[in-house]
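Remarks on the structure that follows.
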Amino acid sequence: MSQVSEKTTSRSRNHEATEQKLTDACGAILLSKGPEGIGVNNVVEKAGVGKQLLYRYFDGLPGLVSAWLEQRANWPTAADLVGDRDSFDALSLKDKIKRIQRNYLAALREHPEITRLMASEILHPTAVTQVLESASDKIGRELASILQDLGEGDQQRMVDLSMVFYCMFSYLTMRAQTSPLVFGMDLNDDNSWARIDRLIDNLVDSYLD
């Protein structure tokens with residue numbers, strides 16, 4: 343390999359390593375302090391790189407947050423919500439709705455960082471939370487898209503019901519992290535989530551009759 347090629351390869355590796363340091367620092371601060379606690383200065387300090395590199399590689403803090411979301415954030419996808427496609431296609435309409443809602447709730451519970459970020463979007467709106475809002479809204483769009491593609495019954499009623507579940511699950515998983523006692527339930531107790539699981543069945547069965 344020529345000296346020029348070696349230098350080019352070295353610069354590329356340094357570039358990638360620096361980007362990784364910045365995205366790692368961004369994620370660590372977002373998850374520990376929320377969007378309201380992140381800034382250019384504490385990101386570059388934690389990453390151990392110069393401020394100019396953040397702007398060079400990501401064009402500012404919102405661009406860095408977007409890169410972190412693409413790389414690390416575990417937002418549910420349509421595939422996550424549907425699960426195994428063959429078994430999903432074999433379900434009745436009601437059971438399809440129930441599976442989608444259960445998988446959405448499971449995703450929020452398994453990835454509490456999602457609900458921490460969602461809470462910050464509401465309480466502390468900033469340029470950073472605008473980036474996060476676009477990502478979290480994608481969950482709602484995924485839900486609506488799946489339901490509209492089912493091609494059965496009144497799609498608008500199914501979307502309306504999913505909106506209720508979306509708001510309920512988001513609120514409950516946020517409360518689980520900060521104030522777990524709600525409506526006589528302890529959200530640290532699996533029995534409370536079993537009660538919510540039964541509620542999914544009852545609401546779907548009643549609303550879609």
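Our numbering puts the sequence shown at residues 343 to 551.
Note that the Cβ used here is the ideal one computed from N, Cα and C, for glycine as well.
In this text, all values refer to a predicted model and were calculated from it rather than measured experimentally.
Any alpha helix (DSSP H) of 4 or more consecutive residues that is wholly inside the stretch 382–412 = Counting whole runs of 4 or more residues, the stretch 382–412 contains the alpha helix (DSSP H) stretches 382–389, 393–400.
message = If I follow the unbroken alpha helix (DSSP H) through residue 427, where does it start and stop?
response = Segment 427–431, the alpha helix (DSSP H) holding residue 427.
query = According to DSSP, which residues form a beta bridge with residue 528?
reply = Beta-bridge pairing links residue 528 to 523.
ask   = If you draw a straight line from the C-alpha of residue 450 to the C-alpha of residue 457, how long is it?
value = Whole-angstrom Cα-Cα distance: 7 Å.
key: Expected contact under 8 Å - CB spacing of residue 410 and residue 368 to nearest Å   = Here residue 410 really is in contact with residue 368; their C-beta atoms are around 5 Å apart, less than 8 Å.
task = Helix, strand or coil for residue 488, going by three-state DSSP, please let me know.
result = Reduced to three states, the DSSP call for residue 488 is helix.
inquiry  = Using CA atoms only, rank isn't needed, just tell me which of 510, 538, 439 is closest to residue 424.
reply    = Of the candidates 510, 538, 439, 439 places its Cα closest to the Cα of residue 424.
query = In or out: residue 524 buried (at least 16 other Cβ within 10 Å) or exposed?
reply = Exposed.
request  = Can you tell me which of the three DSSP states residue 572 falls into?
outcome  = For residue 572 there is no data in the structure shown, the boundaries of the chain being 343 and 551.
message = Rounded to the nearest angstrom, what separates residue 518 and residue 479 at their Cα positions?
response = If I take the Cα positions, the gap works out to 21 Å.
query = residue 535 by DSSP, collapsed to three states: which one?
reply = Reduced to three states, the DSSP call for residue 535 is helix.
query = Assuming residue 466 contacts residue 377 under a Cβ cut-off of 8 Å, what Cβ separation, rounded to an integer in Å, is found between them?
reply = Rounded to the nearest angstrom, the Cβ distance from residue 466 to residue 377 is 6 Å, consistent with a contact under 8 Å.
message = So, at 6 Å on beta carbons, what are the nonlocal neighbours of residue 443 in its own chain, with the 5 sequence-adjacent residues on each side left out?
response = In chain order, 507, 542 place their CB closer than 6 Å to the CB of residue 443, counting only its own chain and leaving out the 5 sequence neighbours on each side.
ask   = Can at least three beta-carbon pairs, one atom from the stretch 394–405 and one from the stretch 429–436, be found at a separation below 8 Å?
value = Of all C-beta pairs linking the stretch 394–405 to the stretch 429–436, fewer than three are shorter than 8 Å, placing the two stretches out of contact.
Residue 470 to residue 391 span [Cα, whole Å] = So the alpha carbons of these two residues sit roughly 20 Å apart.
task = Taking all protein chains shown into account, decide if residue 348 is buried (16 or more other Cβ within 10 angstroms of its Cβ) or exposed.
result = Since pLDDT at residue 348 reaches only 48, below the 50 mark, its modelled position is unreliable, and the value read off the structure follows with that caveat. Residue burial annotation: residue 348 is exposed, with fewer than 16 other C-beta atoms found within 10 angstroms of its C-beta.
ask   = Taking the Cβ atom as the reference point for each residue, do residue 504 and residue 486 lie within a distance shorter than 8 Å?
value = In this structure, residue 486 lies closer than 8 Å to residue 504 by Cβ.
query = What's the gap between the Cα of residue 459 and the Cα of residue 520?
reply = So the alpha carbons of these two residues sit roughly 13 Å apart.
message = Do residue 527 and residue 537 have their beta-carbon atoms positioned less than 8 Å apart in this structure?
response = Yes, the pair counts as a contact, with Cβ atoms nearer than the cut-off.
request  = Flag this pair as yes or no: are the beta carbons of residue 406 and residue 386 separated by less than 8 Å?
outcome  = Judged by beta-carbon spacing, residue 386 lies beyond the 8 Å limit of residue 406, meaning their Cβ atoms are not closer than that value.
query = So, residue 375 versus residue 546, is the Cβ gap smaller than 8 Å?
reply = Contact: no.
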